[in-house]
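Report on the structure given below.
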Amino acid sequence: MSSFGVSLFALSKYGDVALTKDNHVFLCNANNECHKVVLDGVVMVVMFVLDDEYLLTAGNDKSVRIFHRTTFASVSCSLPKKITGCTALPSRSELFVAIKSGDIYSITIAVNTQTRTAELGTPKLRFGHYSIITDVAIDPTNSVICTSDRDEKIRTTHLPDCLEIQSFCLGHTEFVSRICFLPRHPTLLVSGSGDQTIRLWKFNTGELLQTFSFPKQEHHVPKAPASTLSTTKRKLETSTTTDASEATKNEEEEVSEEEEEEGDDDSLVPAISIIESDPESDVIVATVEFSKQLYVFHFDTATQTVSPQVNVLNLHNTITCVRFGGNRMFVACCDGVVTVFDKLSWEVVTDKNQVVLNVNQLAASTVLESTVERLLPLEFRRKYHDPEDWADVQENVTDRIANKKMKVYKKK
Numbered sequence: 217m218s219s220f221g222v223s224l225f226a227l228s229k230y231g232d233v234a235l236t237k238d239n240h241v242f243l244c245n246a247n248n249e250c251h252k253v254v255l256d257g258v259v260m261v262v263m264f265v266l267d268d269e270y271l272l273t274a275g276n277d278k279s280v281r282i283f284h285r286t287t288f289a290s291v292s293c294s295l296p297k298k299i300t301g302c303t304a305l306p307s308r309s310e311l312f313v314a315i316k317s318g319d320i321y322s323i324t325i326a327v328n329t330q331t332r333t334a335e336l337g338t339p340k341l342r343f344g345h346y347s348i349i350t351d352v353a354i355d356p357t358n359s360v361i362c363t364s365d366r367d368e369k370i371r372t373t374h375l376p377d378c379l380e381i382q383s384f385c386l387g388h389t390e391f392v393s394r395i396c397f398l399p400r401h402p403t404l405l406v407s408g409s410g411d412q413t414i415r416l417w418k419f420n421t422g423e424l425l426q427t428f429s430f431p432k433q434e435h436h437v438p439k440a441p442a443s444t445l446s447t448t449k450r451k452l453e454t455s456t457t458t459d460a461s462e463a464t465k466n467e468e469e470e471v472s473e474e475e476e477e478e479g480d481d482d483s484l485v486p487a488i489s490i491i492e493s494d495p496e497s498d499v500i501v502a503t504v505e506f507s508k509q510l511y512v513f514h515f516d517t518a519t520q521t522v523s524p525q526v527n528v529l530n531l532h533n534t535i536t537c538v539r540f541g542g543n544r545m546f547v548a549c550c551d552g553v554v555t556v557f558d559k560l561s562w563e564v565v566t567d568k569n570q571v572v573l574n575v576n577q578l579a580a581s582t583v584l585e586s587t588v589e590r591l592l593p594l595e596f597r598r599k600y601h602d603p604e605d606w607a608d609v610q611e612n613v614t615d616r617i618a619n620k621k622m623k624v625y626k627k628k
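Take 217 as the starting number for the sequence shown in our numbering and just add one per residue.
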């Protein structure tokens with residue numbers, strides 16, 4: 217597998233963990249059972265639904281799949297185009313799926329209590345945008361659905377009929393890349409954009425409450441196949457001259473490779489790729505594409521604004537996903553490693569009983585054992601693409617194995 221790819225991470229209230237690496241999905245439940253599924257396309261959405269009893273995945277293979285968290289029984293349905301976003305309406309056991317054409321489909325979920333399997337209904341077209349939908353979310357009261365698109369708009373639509381548009385949130389100067397509700401403040405919405413601003417909205421009226429410019433920083437854009445790069449990067453300046461003279465063309469061809477590389481880096485402006493809010497506090501975290509730094513913002517309830525004071529967390533690799541659980545924050549990187557932070561101190565958790573998960577190790581393994589896929593001590597935050605590297609792991613954790621604190625794979 218490639219060392220560069222999409223990594224996503226999801227937690228359930230039962231202690232189940234789901235990770236993805238490109239087209240691989242790993243579901244490890246609280247019974248120390250791990251299940252691996254290889255899909256046809258890159259996974260773009262992973263989340264637990266239906267009271268966290270089922271795992272939902274969706275992505276570039278145009279399919280939505282649901283797995284039971286203990287039996288691993290699955291069911292799927294297909295959409296007309298690639299999926300760009302998905303969210304669930306818990307009160308009606310209904311999914312809302314955004315596809316690349318700009319349309320939103322709803323899919324009902326019926327659960328068979330005897331077989332513990334879920335049945336997906338036929339996708340039903342509900343509404344659409346004139347451009348690609350970049351994100352979709354349902355508010356904490358389950359009364360409206362918000363959708364963002366590449367035309368700088370955020371649209372609020374009434375549920376469940378989706379027949380009435382409540383408001384538009386307008387103000388971004390580039391495509392809207394991410395939207396996120398604040399669970400403790402049901403009328404507020406946070407959005408991120410290609411203009412590298414975070415904006416706070418009163419979404420029921422479309423009122424812009426605050427604009428917060430993202431801290432400037434240097435970004436290195438990794439060289440990777442076009443299919444693995446995010447679609448939200450944009451060019452600062454693009455110009456094409458159809459009547460350029462032949463001499464001008466020759467001069468352009470004589471540009472050195474070094475200058476071309478510098479020009480490419482300068483022309484790429486990373487968009488805000490992640491915005492997540494903690495359901496138990498007023499913390500908002502965000503980052504931009506290809507960044508190893510995670511910015512922690514605090515929402516001030518008294519002033520109803522985002523505080524300008526920011527905590528910066530430095531990760532070991534490009535950040536791809538952030539999830540909150542209890543008093544912990546879990547940050548996944550593109551190498552498949554999930555690092556755990558304490559929400560009070562924002563320090564990396566060093567408790568020996570705390571584990572992180574390495575999806576590269578799961579992908580490289582040929583045998584899935586009961587607990588090994590779940591357990592990897594925090595100090596071994598590194599990539600393992602070759603099974604031969606397990607010799608290093610076995611050498612470093614000899615003491616832990618002897619004390620029966622950890623298991624490792626045995627090479628065959």
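For each residue, glycine too, the CB sits at the ideal point set by N, CA and C.
Local conformation of ARG366 per DSSP, three classes: Within the sequence shown, numbered from 1, the residue matching residue 366 stands at position 150. ARG366 falls in the coil class under three-state DSSP.
Helix, strand or coil, according to DSSP, for PRO402 in the structure here? Locating residue 402 in the sequence shown gives position 186, counting from the first residue. Looking at PRO402 - three-state DSSP - the assignment turns out to be strand.
Own chain, CB closer than 6 Å to GLU310, minus 5 neighbours either side, in chain order: Sequence index remark: in the sequence shown, residue 310 carries index 94 (1-based). Hits under 6 Å: SER322, THR324.
Assuming PRO376 and ARG308 form a contact by the criterion Cβ under 8 Å, report the distance between their Cβ atoms to the nearest whole angstrom. For the purposes of this step, residue 376 is taken as the residue at position 160 of the sequence shown. For the purposes of this step, residue 308 is taken as the residue at position 92 of the sequence shown. About 6 Å; that satisfies the 8 Å criterion.
Nearest to SER409 (by Cα), restricted to the options ALA353, ALA487, ARG332: Locating residue 409 in the sequence shown gives position 193, counting from the first residue. Taking only the C-alpha atoms, the option nearest SER409 is ALA487.
Measure from the alpha carbon of ASP161 to the alpha carbon of each residue in LEU386, TRP417, PHE283, ALA289, then state which is nearest. In this structure the chain extends from 217 to 628, so residue 161 is not present and cannot be described.
Alpha carbon to alpha carbon, how far is TYR346 from GLY318? In the sequence shown, the residue the question calls residue 346 occupies position 130. In the sequence shown, the residue the question calls residue 318 occupies position 102. Answer to the nearest angstrom: the Cα atoms are 6 Å apart.
Comparing C-alpha positions only, which one of ALA518, ASN530, GLN520, THR519 sits nearest to VAL501? Here residue 501 is taken as the residue at index 285 of the sequence shown, counted from 1. Answer by Cα proximity: ASN530.
Proximity winner among THR372, GLY275, ALA334, relative to VAL313 (alpha-carbon distances): Residue numbering aside, residue 313 sits at position 97 when the sequence shown is read from its first letter. That would be GLY275, whose Cα lies nearest to the Cα of VAL313.
Might you give, ordered along the chain, the residues of its own chain that have their beta carbon closer than 8 Å to the beta carbon of HIS514, omitting 5 neighbours on each side? Here residue 514 refers to the residue found at position 298 when the sequence shown is read from its first residue. Closer than 8 Å at Cβ, skipping near neighbours: ASP498, VAL499, ILE500, VAL522, SER523, GLN525.
Quick check on SER429: buried or exposed, where buried means 16 or more other Cβ atoms within 10 Å of its Cβ? The count along the sequence shown starts at 1 and reaches residue 429 at position 213. Exposed, by the Cβ-count rule.
Three-state secondary structure (DSSP) of ARG539: What you label residue 539 is simply residue 323 of the sequence shown in a count that begins at 1. If DSSP states are grouped into helix, strand and coil, ARG539 belongs with the strands.
Segment limits, beta strand (DSSP E) that includes ASN530: By one-based count along the sequence shown, residue 530 stands at place 314. Run containing ASN530: 527-530, per the beta strand (DSSP E) assignment.
Residues sharing a beta bridge with GLU335, DSSP: Residue 335 sits at position 119 when you count from the first residue of the sequence shown. GLU335 has ALA326 as its beta-bridge partners, per DSSP.
Within 10 angstroms of the Cβ of ALA518, are there 16 or more other Cβ atoms? Answer buried if so, exposed if not. Within the sequence shown, the letter at position 302 stands for residue 518. The residue in question, ALA518, is exposed, as its Cβ has fewer than 16 Cβ neighbours within 10 Å.
In three-state DSSP terms, what is ARG371? The residue you call residue 371 lines up with position 155 of the sequence shown. Strand, per DSSP.
Kindly list the residues whose CB is nearer than 8 Å to the CB of GLU423, restricted to its own chain and excluding five residues on each side of it in sequence; keep chain order. Walking along the sequence shown from the start, residue 423 turns up at place 207. Correct list, in chain order: TRP417.
Provide the residue(s) that pair with GLN520 in DSSP beta bridges, ordered along the chain. Position 304 of the sequence shown, counted from the start, is the residue given in the question as residue 520. Per DSSP, none; premise fails for GLN520.
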